[in-house]
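Going by my numbering, the residue at position 32 of the sequence shown is 1183; the numbering climbs one at a time, nothing skipped.
Even for Gly, the Cβ is constructed at its ideal location relative to N, Cα and C.
Have a look at the structure below before the remarks.
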Amino acid sequence: MIEVISEARCIDCAICVDVCPTNVFDADDAGRPSIARQSDCQTCFLCEAHCPTDALFVSPLSGPAPAGSPLRDEDALAAQGRFGEYRGWIGWGHGRAPGSLADRNQIFTARLRALPAPEPAAPDQEGPRP
């Protein structure tokens, strides 16, 4: 769930407002976004992925972080490098390697392809079904 828009990092581009599929954000006349409907956040991370300055933190929690949580503390999140964390994982942004380069799913797929083909199922004794 969206928790923080960094005051220090946000450049008022309002991209987060435009990409949010559930209209969580509002923007003022200058483009400064605010979290207007946090309960509508579906934790899709689109806002964080598209933010060009890593100014957003989307918590993996399905509901709001409790009051006093470090997941709501801009300074604590910045110190831990949590802003733009998801964007980094997927490799978006200048100087980052795409996360797909670390994907090892092709090993599993190759093993499946190497297995012998299954025997065809015996025809149904009742005949074809409508």
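By the three-class DSSP mapping on this structure, what secondary structure does residue i have?
i: residue 1166; result: helix
i: residue 1184; result: strand
To which residues does DSSP link residue i through a beta bridge?
i: residue 1177; result: 1185
Using 7 Å as the threshold, is the C-beta distance between residue i and residue j below it?
i: residue 1168; j: residue 1178; result: yes
i: residue 1153; j: residue 1175; result: yes
i: residue 1210; j: residue 1228; result: no
i: residue 1212; j: residue 1170; result: no
i: residue 1165; j: residue 1182; result: yes
i: residue 1173; j: residue 1189; result: no
Taking 6 Å as the cut-off, is the beta-carbon of residue i closer than that to any non-hydrogen atom of the ligand MN?
i: residue 1205; result: Looking for the ligand MN in the displayed structure turns up nothing, as the structure carries no ligands at all.
task: Identify every run of the alpha helix (DSSP H) within the segment 1197-1267, keeping only runs that are complete inside it and at least 4 residues long; order them along the chain.
output: 1197-1201, 1225-1230, 1236-1240, 1256-1265
field: Three-pair Cβ contact test at 8 Å for the segment 1234-1247 versus the segment 1258-1270
entry: no
message: I'd like to know if the segment 1223-1239 and the segment 1203-1210 are in contact, where contact means that at least 3 CB-CB pairs between them fall below 8 Å.
response: yes
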